[in-house]
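For reference, the structure is listed below as C-alpha cells.
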Amino acid sequence: MSTTMILCIVIFVVSLVLYAINKLPMGVVGMATLCALVLTGCLDQKSALSYFANNNVVMMASMFVVSAGLSRTSLVDKFSAFICKVTGGSFKRTYLCYLILAAILTNLMNSPGAVFCVVFPLAAQMCKEYNVSPSKVMFPLGVTCVGCCCILPFGAAIQESGIFAGFLETYEMEMTFLPSDFTMGRLPFLVIVPLWAWTLGYKMAPEQPPVAISMVAMDKKQMKPLSAFADWAGVIIFAAVVLLFFFGKNIGIQPWEACLAGAVLTVICGTLTGKEAIAALPVDLAFMLIGALAMAGALTATGAGDIIGSALAATVGGVHNGYVLGAIFFIIPFVLTQFMQNQAVINIFAPIVIMTCKAIGANPIGLLVIITAAGLTAYMTPMATSAVPLMMGTGGYDIKSLVKQSWLVSIVFAVVYVAYTMTVLPVF
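Those letters in the sequence shown? Residues 917 to 1344, per the working numbering, in order.
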C-alpha cells in the first residue's frame, strides 16, 4: 500500500469524524477535505478544480433554484390542496402519494438526486400543511428515490444495462445483459422500499432536525404575489426541465444543461428575484458535495477500489455457493459505496464479477444485479450518491442521524436481496 493511499484513507477517516461530531459546517468540512487531498498529493490541482464544475454539482445547485421557482408558484399550493382532498386530509395517505410518485419518477429519470429535487418541494409544503417536521419525511423520501432507481426497464436501467453488456462483450462472455434483468432481480423492492419509508422509515426518523435545515420551501406569505406570467413561467420551466431529463439526450441536451438553463430562465421570467435565487442556492450542500466527490475521486485514483477488488476476486475464486457469492458481492460494494460514489463502485466491481464467474463457470447476471443493488442501498454518508447531501440539507440530518436511520434497513435489504436475487437469477 503506497504512502499516498495511506494518506488518502487517513483524510477520509478524519473527514468522517468531523462530519460525525458536527462542530463545523458541512461545507467547511467538505472544503477542508478538498484542500487536504491537494496538499498531500492525493489529488492533483486540475482534478480538484474540476469538481467545482462537476455535472452533479451544477445540476444539484441549479435544480434547487428551479425547484424554488416551482415552490413560489401557485401550482404547489393547488396540487397540495388537491392531494389533500383526494386523501381525505390524511397526512399518511398524502405522504404515501408522494412516495409512490418518487418511486415512479426515479425509474423514468437517470438521477435519484434530480427526482428528489422534483418531489421535495411538494413534501416540504405537505409538512407545513400538516405541521410535521421535515426531518420525519425527507430521509425516507430520499431512500425511495435511490432505492427504487434502476428497477423498471427504463431510464437508468437502460443506461446501466448498456455498460454491463459492454463489459460482458469485452470479456467474451456468451450472453448479454438486458434492462429487464434489473426488473427480474429487484422488482419486489419497488413495493418494499416505499412501504418501509411509509411505515418504519417514518417512525425511525428524528422528531426534530439534529442540525439546521439548509433548504426549506419558501414562505410565500411574506413575498410579493407573482404576476400571471411569472406564475405560469415557473411551472412551465420546471416541467420543461423534467421533460429534458427524459428526452434531452436525444437532442443533445445534458441534464445539467437543462437545469442550469432553467435556473437562469426562472430569474429572467421573474418567478424568482435575483436575491431569492441566490438564497435558494445550497452553498453549504454544494461545498460538501464537492468535497465528497473529491474524496471519492481520490480513493478511486489511488487504487483502493482496485486493490480490494483484486483481493476479493482471488478470495472468492473457490466459492461455489450462489448465496455466499451473492452475500460477498453485496457486502463489499455496499461498504465501499459509503465512501465512494456508487456508480464508481459498481463499475469497479462489474469486471471483477465477470472475471470471477468466467473463472468458475458461473452466470454473472444475478451478481451484476446484486452489485447494483448494493450501490443503491448505501445512505450512511454523503459520499455514496448526490441524493444523500440533498436529504441532509432538506431534513436537517448529520452523519450520526443517517447511520441511526439506515443501519437496520440496510441489513434487512441486504438479506432480502441476496435471498431473492440469487434465487430468481441463480449463479449456478
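Beta carbons: idealized from backbone N, C-alpha and C, even for Gly.
Buried or exposed by the 16-neighbour rule on C-beta atoms within 10 Å, applied to residue i
{"i": "residue 1284", "result": "buried"}
{"i": "residue 1006", "result": "exposed"}
{"i": "residue 1101", "result": "buried"}
{"i": "residue 1335", "result": "exposed"}
{"i": "residue 1115", "result": "exposed"}
{"i": "residue 1253", "result": "buried"}
{"i": "residue 917", "result": "exposed"}
{"i": "residue 1155", "result": "exposed"}
Residue i - DSSP class collapsed to helix/strand/coil
{"i": "residue 1003", "result": "coil"}
{"i": "residue 1035", "result": "helix"}
{"i": "residue 939", "result": "coil"}
{"i": "residue 1200", "result": "helix"}
{"i": "residue 1292", "result": "coil"}
{"i": "residue 1254", "result": "coil"}
{"i": "residue 970", "result": "coil"}
{"i": "residue 1173", "result": "helix"}
{"i": "residue 1089", "result": "coil"}
{"i": "residue 1065", "result": "coil"}
{"i": "residue 1280", "result": "coil"}
{"i": "residue 1029", "result": "helix"}
{"i": "residue 1128", "result": "coil"}
{"i": "residue 1140", "result": "coil"}
{"i": "residue 1053", "result": "coil"}
{"i": "residue 1185", "result": "coil"}
{"i": "residue 1338", "result": "helix"}
{"i": "residue 1192", "result": "helix"}
{"i": "residue 1080", "result": "helix"}
Whole-number beta carbon distance between residue j and residue i, since they are thought to touch under 8 angstroms
{"i": "residue 1105", "j": "residue 1067", "result": "6 angstroms"}
{"i": "residue 954", "j": "residue 964", "result": "5 angstroms"}
{"i": "residue 1125", "j": "residue 1049", "result": "7 angstroms"}
{"i": "residue 1157", "j": "residue 1175", "result": "6 angstroms"}
{"i": "residue 1208", "j": "residue 1299", "result": "5 angstroms"}
{"i": "residue 932", "j": "residue 1315", "result": "7 angstroms"}
Distance, residue j Cα to residue i Cα
{"i": "residue 1085", "j": "residue 1065", "result": "25 angstroms"}
{"i": "residue 1165", "j": "residue 1121", "result": "37 angstroms"}
{"i": "residue 1273", "j": "residue 1343", "result": "8 angstroms"}
{"i": "residue 1216", "j": "residue 1015", "result": "33 angstroms"}
{"i": "residue 1128", "j": "residue 1201", "result": "12 angstroms"}
{"i": "residue 1266", "j": "residue 1150", "result": "42 angstroms"}
{"i": "residue 1211", "j": "residue 987", "result": "33 angstroms"}
{"i": "residue 1017", "j": "residue 1010", "result": "11 angstroms"}
{"i": "residue 1310", "j": "residue 1282", "result": "35 angstroms"}
{"i": "residue 944", "j": "residue 1148", "result": "38 angstroms"}
{"i": "residue 1173", "j": "residue 977", "result": "12 angstroms"}
Proximity below 8 angstroms, CB of residue i to CB of residue j
{"i": "residue 1295", "j": "residue 1051", "result": "no"}
{"i": "residue 1219", "j": "residue 1249", "result": "no"}
{"i": "residue 1028", "j": "residue 1278", "result": "no"}
{"i": "residue 1081", "j": "residue 1092", "result": "yes"}
{"i": "residue 984", "j": "residue 1060", "result": "no"}
{"i": "residue 972", "j": "residue 1205", "result": "yes"}
{"i": "residue 1182", "j": "residue 1153", "result": "yes"}
{"i": "residue 1163", "j": "residue 1171", "result": "no"}
{"i": "residue 1293", "j": "residue 1330", "result": "yes"}
{"i": "residue 1297", "j": "residue 1245", "result": "no"}
Any non-hydrogen atom of the ligand PLP within 7 angstroms of residue i CB
{"i": "residue 1285", "result": "As for the ligand PLP, it is missing from this structure, which has no ligand bound."}
Interface flag, residue i vs chain C, CB-CB below 8 angstroms
{"i": "residue 1235", "result": "Of the protein chains in the structure, only one exists, and it is not chain C."}
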